[in-house]
Ligand SMILES: NC(=O)C1=CN([C@@H]2O[C@H](COP(=O)(O)OP(=O)(O)OC[C@H]3O[C@@H](n4cnc5c(N)ncnc54)[C@H](OP(=O)(O)O)[C@@H]3O)[C@@H](O)[C@H]2O)C=CC1
Ligand SMILES: N[C@@H](CC=O)C(=O)O
Ligand code: NA
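In full-length UniProt numbering, the protein residues as written are 1 to 361.
Have a look at this one:
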């Protein structure tokens, strides 16, 4: 008997489109069709079908067979195509707040969207309770993109290890910016801070508004998620977070205006970097999960010899110090970008497939 896992994809932007491409490439490589995309929706339009064409979906989404976006219709359609995973590739809070209702409909959820897991504790607890049943929720790409961070942490916790501290560089954007702007390499040409932000945005590392990275909130959300998976009930509203967006730029309405004005503040960031350099150090924005109460997001000066100082590109580095790993277990690699984020989502979909029937093929 052929087992097919259906997929309803919300938000085919940078990450969502790459996820669709990876599913299409998988289908081309595998004779038996294991996945069928039954819905694709952005904020304006949606296509509902028993099998969406993965070679033509962009045109179809704009064509006459598409409907106006209506999330409740999409969910009805997904629920009628069980087993179905709703893949939320938006960063939308309202979409995220609907997850418990979707789980009640028997749907599974895979997402890189951090909003539900770093939002209210009651939503988090509701999701834990509801995903303990038949419906599954996986969100590996919410921390460290495709790097196996949450699965590793869950394995540590479930097997009875004790978390002493989790510390790391959890932002691909801020990693890229500071690795280039505040380098350990004395021969590296000095860079303007605003130029590194532009490159990070163009490479697809940033949130739609790069201020959500620079204000520490994207890292804060990851710290909250890691804390909660580790059993520490962290809350975004009480976590100390260092915001490095100059105060004059915080209330500018659009990200485009923000990017246009950022070069005016290059001297401010150069001075920060120079003061670190005088101490033989570099700047890095780190997140800390501390069961004893010191969880935070802060800009830290690290000596050039520290492992966080020699990161490259948009790499994340996460150090788990536990009772069993007093010398930390370290995971390092690309922590942002469409390909690695979509890979993390694909690996989550494969886990659901194996749990709900793939194994029986
Ligand atoms: N970029 C990265 O490296 C990483 C990203 N992530 C997360 O992945 C997610 C997607 O990021 P990215 O692809 O860069 O974002 P994009 O802005 O490129 O894409 C967002 C997509 O969501 C759609 N969308 C927004 N609101 C709604 C809505 N209410 N209903 C339906 N669709 C909606 C948009 O549609 P429309 O075009 O109509 O607005 C668009 O298709 C985010 O949660 C991000 O935090 C996680 C890890 C790494
Ligand atoms: N903007 C984020 C994307 C992944 O979560 C980052 O830079 O890490
Ligand atoms: Na991850």
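Here a beta-carbon is modelled for each residue, glycine too, at the ideal position from N, C-alpha and C.
Note that the coordinates shown come from a computational prediction; the quantities given were computed from them, not determined experimentally.
Residue side-chain check: residue 334 keeps its Cβ at 7 Å or more from all non-hydrogen atoms of ligand 2. In this structure, residue 151 lies away from residue 106, with their beta-carbon atoms at least 8 Å apart. For residue 8, the enclosing beta strand (DSSP E) has its first and last residue at 5 to 10. Looking only at 225, 172, 218, 138, the smallest Cα-Cα distance to residue 199 is reached by 172. Residue 302 is bridged by DSSP to 282. The Cβ-Cβ distance between residue 344 and residue 170 does not fall below 8 Å. No Cβ-Cβ contact shorter than 8 Å links residue 178 with residue 61. Within its own chain, the residues whose Cβ lies closer than 8 Å to the Cβ of residue 6, once the five positions on either side in sequence are excluded, are 35, 36, 37, 38, 78, 81, 82, 83, 84, 85, listed in chain order. For a cut-off of 8 Å, the C-beta gap from residue 109 to residue 137 is around 5 Å, short enough to register as a contact.
Bridge pairing for residue 46: 41, 67 [DSSP].
Between residue 207 and residue 91 a beta carbon distance of about 7 Å is seen, short of the 8 Å cut, so the two are scored as contacting.
In this structure, DSSP gives residue 357 a state outside helix and strand, which the three-state scheme calls coil. Annotated as proximal: residue 8 and residue 74, with beta-carbon spacing under 8 Å. Here the segment 268 to 278 makes no contact with the segment 215 to 223; the two share fewer than three CB pairs at distances below 8 Å. With contact defined as three or more Cβ pairs closer than 8 Å, the segment 288 to 307 and the segment 232 to 252 are in contact. Counting only the Cα atoms, residue 236 lies some 10 Å from residue 121. The segment 181 to 190 and the segment 145 to 159 do not touch, with fewer than three beta-carbon pairs separated by less than 8 Å. Per DSSP, the continuous alpha helix (DSSP H) segment holding residue 59 begins and ends at 57 to 62.
For residue 145, the distance from the CB to the nearest heavy atom of ligand 2 is below 7 Å.
If you check the C-beta of residue 198 against ligand 2, you find no heavy atom less than 7 Å away. DSSP places residue 167 in the strand class (E or B) of the three-state scheme. When the Cα atoms are used, residue 219 and residue 132 turn out to be separated by approximately 27 Å.
In the structure shown, residue 266 adopts helical secondary structure according to DSSP, grouped into three states.
In this structure residue 323 is not in contact with residue 140, their Cβ atoms being roughly 24 Å apart against a cut-off of 8 Å. 8 Å or more divides the Cβ of residue 349 from the Cβ of residue 262. An exposed status is given to residue 2, since fewer than 16 other beta-carbon atoms sit within 10 Å of its beta-carbon.
Taking the C-beta atoms as reference points, residue 314 is found no nearer than 8 Å to residue 159. For residue 238, there is no enclosing beta strand (DSSP E), since its DSSP letter is neither H nor E. Judged by DSSP in its simplified three-state form, residue 161 adopts coil rather than helix or strand. Buried is the label assigned to residue 316, since at least 16 other Cβ atoms lie within 10 Å of its Cβ. DSSP lists 85 as the beta-bridge partner residues of residue 108. Under DSSP, residue 181 takes part in no beta bridge, so it has no partner. Between the C-alpha atoms of residue 300 and residue 15 there is a straight-line separation of about 30 Å. The shortest C-alpha to C-alpha distance from residue 56 to any of 40, 281, 71 is the one to 40.
Looking at the DSSP output, residue 316 bridges to 333.
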